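Chains L and E supply the protein sequences, listed in that same order. Just so we're aligned, residue -16 is where the first sequence starts under the numbering used here, counting upward by one. Just so we're aligned, residue -16 is where the second sequence starts under the numbering used here, counting upward by one. Glycine residues also receive a C-beta, built at the ideal position from the N, C-alpha and C atoms. Being a predicted model, the structure only gives us computed values, none of them experimental. Some notes on the structure that comes next.
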Amino acid sequence: MEAAGIAKDLGHGAGQIRALKGVDLALKGGQLTLLMGPSGSGKTTLLSILGCMLTPTEGTVRVRGDSIAGKNPEDLAKLRRENIGFVFQSYHLFPTLSAADNVRLALDVRGETGRDAADKSRAALDRVGLSNKTRNYPRQLSGGEQQRVAIARAVVGDPSVILADEPTAALDTENGKSIMAILATIAKDPGRGVLVVTHDPRLVPFADRIIYIEDGLIVREESGGAQRRS
Amino acid sequence: MPLVFTLAFRNLFHDRLRFIATVIGIVFSIVLVTVQMGLYLGFGQMVTTMIDHASADLWIMPKGTKCFEDPSLLDTRQRSRALSIPGATEAIPVVIGFADWRSPSGSSTPVFVVGSDLRAGGLEPWNLIEGRVESLSTPNAVAVDRTYFDRLGISGLGAQAEIRQQSVRVAAVTDGIRSFTTTPYVFMDVDRARAHTGVPPNKATYFLVRVGKGADVEQVRRNLLASLTDVEVLTPAEFRERSRQFWLFGTGAGAALFAGALLGVIVGTVIVAQTLYSSTKDHLNEFATLRAIGSSRKYIYKVIICQALLSAVIGFSLAYLIGLLVVRMTASGALPIVITPGLTMALFLLTVVMCVVSAIAAIMKVTRIDPAMVFTR
Chain L
-16 MEAAGIAKDL GHGAGQIRAL KGVDLALKGG QLTLLMGPSG SGKTTLLSIL
34 GCMLTPTEGT VRVRGDSIAG KNPEDLAKLR RENIGFVFQS YHLFPTLSAA
84 DNVRLALDVR GETGRDAADK SRAALDRVGL SNKTRNYPRQ LSGGEQQRVA
134 IARAVVGDPS VILADEPTAA LDTENGKSIM AILATIAKDP GRGVLVVTHD
184 PRLVPFADRI IYIEDGLIVR EESGGAQRRS
Chain E
-16 MPLVFTLAFR NLFHDRLRFI ATVIGIVFSI VLVTVQMGLY LGFGQMVTTM
34 IDHASADLWI MPKGTKCFED PSLLDTRQRS RALSIPGATE AIPVVIGFAD
84 WRSPSGSSTP VFVVGSDLRA GGLEPWNLIE GRVESLSTPN AVAVDRTYFD
134 RLGISGLGAQ AEIRQQSVRV AAVTDGIRSF TTTPYVFMDV DRARAHTGVP
184 PNKATYFLVR VGKGADVEQV RRNLLASLTD VEVLTPAEFR ERSRQFWLFG
234 TGAGAALFAG ALLGVIVGTV IVAQTLYSST KDHLNEFATL RAIGSSRKYI
284 YKVIICQALL SAVIGFSLAY LIGLLVVRMT ASGALPIVIT PGLTMALFLL
334 TVVMCVVSAI AAIMKVTRID PAMVFTR
């Protein structure tokens, strides 16, 4: 995934602000990238654009070489379901579905149904250590477990990019570390890039690369703890 | 089970109170439509019951006759002319009219006299439970329905009364021949009917024409129309339709029933739409999540439509059971509610259409959904 010269205006008239002021960013396969910055720095706006949910005012985003410019909402949705997995701060699991069904949902929207989809969902839950909780509903799971279900949902379709928005913000330190460890493991796949938006410095040891954003501009980029260790 | 269905089912049952309200709305609406349409069918059947039970290939009637109960008269010379038409083997006179029935206790009530040539069997009483049709040929003999015993002030077979100051005797009793006007039918021989209704001996209300084997009914009709003056010649189906049109639409009764049914549909649609809309609003976060993870709009519409269809099936099933109960309760009433397989199918389709139409507001809501909202909630 590549973003070049991304600018984004939000609001209208006198209230309009430029949330992003020309951001260049390329997510590389096999890397966990942290996007860090203070509140209001443009992290979420950038994540929404990279996630093909918002279109930039200026600049281009390419997903596997395919530009999102001029695409309609349905085409963007197709791009998302085929290429991007999402992990949200507040999990966004379906309370009326079991863990397995929550994961299966990501396949169902792609038209993958039946036994194969069920097997893939179980495998994804197994990968995040929840093989014994496939039938549990979100209310029967801890925060950390819910986030692991969300990660399983993000990876089950084997996307080339995973975008995670403050995935540990609602968790205690132990669970946060556990979630980051899972994401770091997922990022080892050379065919997949993982971008984690956070303002939590405790996540730095898990990152291969850290990008700092302030006032809508990337101000610094450095190697993370994982990169230094390797 | 498809996940779309599971999701729709769970969304629906998640808030049970709201689901119950939806089902009550659908049931109320469909029962109302069932009753109105059942009354329409029941009324439609009752107004043609005499035509349905008459044995005729063609009906000769005075020009402008609007319905079976229309008391206009024909001259009996028309009958002789009718019988001269090749293919017309019989032309049975029928006389109808309102008269006053005086019971042995002295109380009086209006009745509707139906007289036919009983030897020819044109329009005889049916569903006899006591007595025989042949006994109506005996002096003063009449047939009445047991439903009206109280109204007529009699207790059954052999009871004596008076019509137009002339003595009558109940010689046969029927079951279920009820009039939608609530005026009891009294069957008798045609000559006696003339005497009881004041119709002159050379007059009749209808001639029921029977066509000989192999004769072309349409040709006979054309010949009858060419030969007779100031008459109309209708097939039973045409006369049935004319009577229905008059009573249901000429009087406004049908329009009133349809208006009630329409009201039911509107109320049901509004209730279901409101519920689906608020359910969608409650699950907006989930729909936004679906959109964020790449679901097409079609997928989300499927969930909402599935919710609407589930509501329709559950609501209709309950409404149908209540409808059957209402049919049972009104079966022996003055105006029974009739539910036919066709009406059942139509009501089911109506419920489905009503619920799917109700989903439009919810669909419009999710159409405008912004998937990026998942990052801010």
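Could you tell me which residues DSSP pairs with residue i in its beta bridges?
{"i": "W84 (chain E)", "result": "E:T92, E:I146"}
{"i": "D191 (chain L)", "result": "Bridge partners of D191 (chain L): none, in fact."}
{"i": "Y282 (chain E)", "result": "According to DSSP, which records beta bridges pairwise, Y282 (chain E) is partnered with nothing at all."}
{"i": "K4 (chain L)", "result": "L:A(-10)"}
{"i": "V194 (chain E)", "result": "E:A71"}
{"i": "D99 (chain L)", "result": "DSSP lists no partner for D99 (chain L)."}
{"i": "F170 (chain E)", "result": "E:V97, E:A126"}
{"i": "A170 (chain L)", "result": "In DSSP, A170 (chain L) forms no bridge with anything."}
{"i": "M44 (chain E)", "result": "E:E215"}
{"i": "R45 (chain L)", "result": "L:E(-15), L:S50"}
{"i": "M337 (chain E)", "result": "According to DSSP, M337 (chain E) bridges with nothing at all."}
{"i": "S161 (chain L)", "result": "In DSSP, S161 (chain L) forms no bridge with anything."}
{"i": "S206 (chain L)", "result": "L:R192"}
{"i": "E197 (chain L)", "result": "L:L200"}
{"i": "V180 (chain L)", "result": "L:L18, L:D148"}
{"i": "T157 (chain E)", "result": "E:L111, E:D128"}
{"i": "V77 (chain E)", "result": "E:S99, E:Y189"}
How would you label residue i, buried or exposed, when you count the other beta carbons within 10 angstroms and need 16 or more for buried?
{"i": "G97 (chain L)", "result": "exposed"}
{"i": "D128 (chain E)", "result": "buried"}
{"i": "F(-4) (chain E)", "result": "exposed"}
{"i": "R311 (chain E)", "result": "exposed"}
{"i": "T350 (chain E)", "result": "exposed"}
{"i": "K46 (chain E)", "result": "exposed"}
{"i": "K(-9) (chain L)", "result": "buried"}
{"i": "I194 (chain L)", "result": "buried"}
{"i": "K103 (chain L)", "result": "buried"}
{"i": "R118 (chain L)", "result": "exposed"}
{"i": "T212 (chain E)", "result": "exposed"}
{"i": "L66 (chain E)", "result": "exposed"}
{"i": "P205 (chain E)", "result": "Before going on, a small fix: residue 205 (chain E) reads as Arg here, not Pro. Label assigned to R205 (chain E): exposed."}
{"i": "I3 (chain E)", "result": "exposed"}
{"i": "Q130 (chain L)", "result": "buried"}
{"i": "D265 (chain E)", "result": "exposed"}
{"i": "P324 (chain E)", "result": "exposed"}
{"i": "L60 (chain E)", "result": "Just to set this straight, residue 60 (chain E) is Arg in the shown sequence, not Leu. Per the 10 Å Cβ criterion, exposed."}
{"i": "P354 (chain E)", "result": "buried"}
{"i": "N85 (chain L)", "result": "buried"}
{"i": "R185 (chain L)", "result": "exposed"}
{"i": "P(-15) (chain E)", "result": "exposed"}
{"i": "R47 (chain L)", "result": "exposed"}
{"i": "F232 (chain E)", "result": "exposed"}
{"i": "I196 (chain L)", "result": "buried"}
Quick check: does the Cβ of residue i come within less than 7 Å of any heavy atom belonging to the ligand COA?
{"i": "V86 (chain L)", "result": "No copy of the ligand COA occurs in the structure displayed, which carries no ligand at all."}
For this session: Report the residues of the stretch 58 to 80 of chain L with a CB closer than 9 Å to any CB of chain E, ordered along the chain.
Result: From the stretch 58 to 80 of chain L, only L59, A60, K61, L62, R63, R64, E65, N66, I67, G68, F69, F71, Q72, S73, H75, L76, F77, P78, T79, L80 have a Cβ closer than 9 Å to chain E.
Exercise. Taking only runs of the beta strand (DSSP E) that begin and end inside the stretch 100 to 125 of chain E, which ones reach a length of at least 3 residues, in chain order?
Worked result: 111 to 113
Problem set entry | Segment contact, 8 Å Cβ cut-off, at least three pairs: the stretch 107 to 117 of chain E with the stretch 155 to 167 of chain E | yes
Exercise. On the three-pair Cβ rule with 8 Å, is the stretch 87 to 106 of chain L touching the stretch 48 to 58 of chain L?
Worked result: no
Exercise. Is the stretch -11 to -1 of chain E in contact with the stretch 68 to 79 of chain L, if contact means three or more CB pairs nearer than 8 Å?
Worked result: yes
Exercise. Are the stretch 278 to 298 of chain E and the stretch 337 to 349 of chain E in contact at 8 Å, needing three or more beta carbon pairs?
Worked result: yes
Exercise. Does the pairing of the stretch 132 to 141 of chain L with the stretch -16 to 3 of chain L give three or more beta-carbon distances under 8 Å?
Worked result: Touching, no, given that fewer than three Cβ pairs across the two stretches are closer than 8 Å.
Exercise. Given a limit of 7 Å on CB to CB distance, which residues of the stretch 27 to 39 of chain L reach chain E?
Worked result: So the close ones are T27, L30, S31, M36, L37.
For this session: Could you list the residues in the stretch 279 to 291 of chain E with a C-beta less than 7 Å from some C-beta on chain L, going in chain order?
Result: S279, R280, Y282
Problem set entry | beta strand (DSSP E) segments (min. 3 residues) lying fully within the stretch 64 to 151 of chain L | Restricted to the stretch 64 to 151 of chain L, the beta strand (DSSP E) segments that are unbroken, complete and at least 3 residues in length are 67 to 70, 144 to 148, listed in chain order.
For this session: Mind checking the stretch 88 to 99 of chain L against chain E and listing, in chain order, the residues whose C-beta falls within less than 8 Å of any C-beta there?
Result: Under the 8 Å Cβ criterion, the stretch 88 to 99 of chain L contributes L88, A89, D91, V92, R93, T96.
Exercise. Counting pairs of Cβ atoms below 8 Å between the stretch 98 to 109 of chain E and the stretch 170 to 180 of chain E, do you hit three or more?
Worked result: yes
Exercise. For the stretch 3 to 14 of chain L against the stretch 28 to 47 of chain L, are there 3 or more C-beta pairs whose distance is under 8 Å?
Worked result: yes
Exercise. Going along the stretch 146 to 158 of chain L in order, which residues come within less than 8 Å of chain E, judged by CB to CB distance?
Worked result: D148
Exercise. Which of the residues in the stretch 98 to 124 of chain L, read from start to end, lie with their CB under 8 Å from any CB of chain E?
Worked result: none
Exercise. Going along the chain, which residues of the stretch 296 to 328 of chain E sit with their C-beta nearer than 9 Å to a C-beta in chain L?
Worked result: none
Problem set entry | Cβ-based contacts, 7 Å cut-off: residues of the stretch -6 to 11 of chain E near chain L | N(-6), H(-3)
Exercise. Is it a yes or a no for the stretch 139 to 153 of chain L touching the stretch 65 to 77 of chain L, going by three-plus beta-carbon pairs under 8 Å?
Worked result: yes
Exercise. Got a sec: which bits of the stretch 248 to 269 of chain E sit with their beta carbon under 8 Å from any beta carbon on chain L, in order along the chain?
Worked result: N268, E269
For this session: List in chain order: all unbroken alpha helix (DSSP H) runs of 4+ residues lying wholly within the stretch 232 to 304 of chain E.
Result: Complete alpha helix (DSSP H) runs here, min 4: 236 to 265, 267 to 275.
For this session: Determine contact between the stretch 194 to 206 of chain L and the stretch 161 to 170 of chain L, defined as no fewer than three beta-carbon pairs at a distance below 8 Å.
Result: No contact exists between the stretch 194 to 206 of chain L and the stretch 161 to 170 of chain L.
Exercise. What residue ranges within the stretch 3 to 68 of chain E form continuous alpha helix (DSSP H) runs of no fewer than 4 residues, ordered along the chain?
Worked result: The stretch 3 to 68 of chain E contains these whole alpha helix (DSSP H) runs: 32 to 36, 60 to 66.
Exercise. Any chance the stretch 235 to 245 of chain E sits against the stretch 11 to 29 of chain E, with 3 or more Cβ pairs inside 8 Å?
Worked result: The stretch 235 to 245 of chain E, when compared against the stretch 11 to 29 of chain E, does touch it at the 8 Å Cβ threshold.
For this session: Taking 8 Å as the threshold, find out whether the stretch 74 to 86 of chain E comes into contact with the stretch 47 to 55 of chain E through three or more Cβ pairs.
Result: yes
For this session: Assess, as a yes-or-no matter, whether the stretch 128 to 147 of chain E is touched by the stretch 182 to 189 of chain E under the definition of 3 or more beta carbon pairs within less than 8 Å.
Result: no
For this session: Quick one: which residues of the stretch 176 to 188 of chain L get their C-beta closer than 7 Å to a C-beta of chain E? List them in chain order.
Result: For the stretch 176 to 188 of chain L, the beta-carbon criterion of a distance under 7 Å to any beta-carbon of chain E is satisfied by none of its residues.
Exercise. If you measure beta-carbon to beta-carbon, which residues of the stretch 43 to 55 of chain L are closer than 8 Å to chain E?
Worked result: none
Problem set entry | Against chain L: residues of the stretch 329 to 357 of chain E by CB proximity under 7 Å | P354, A355, V357
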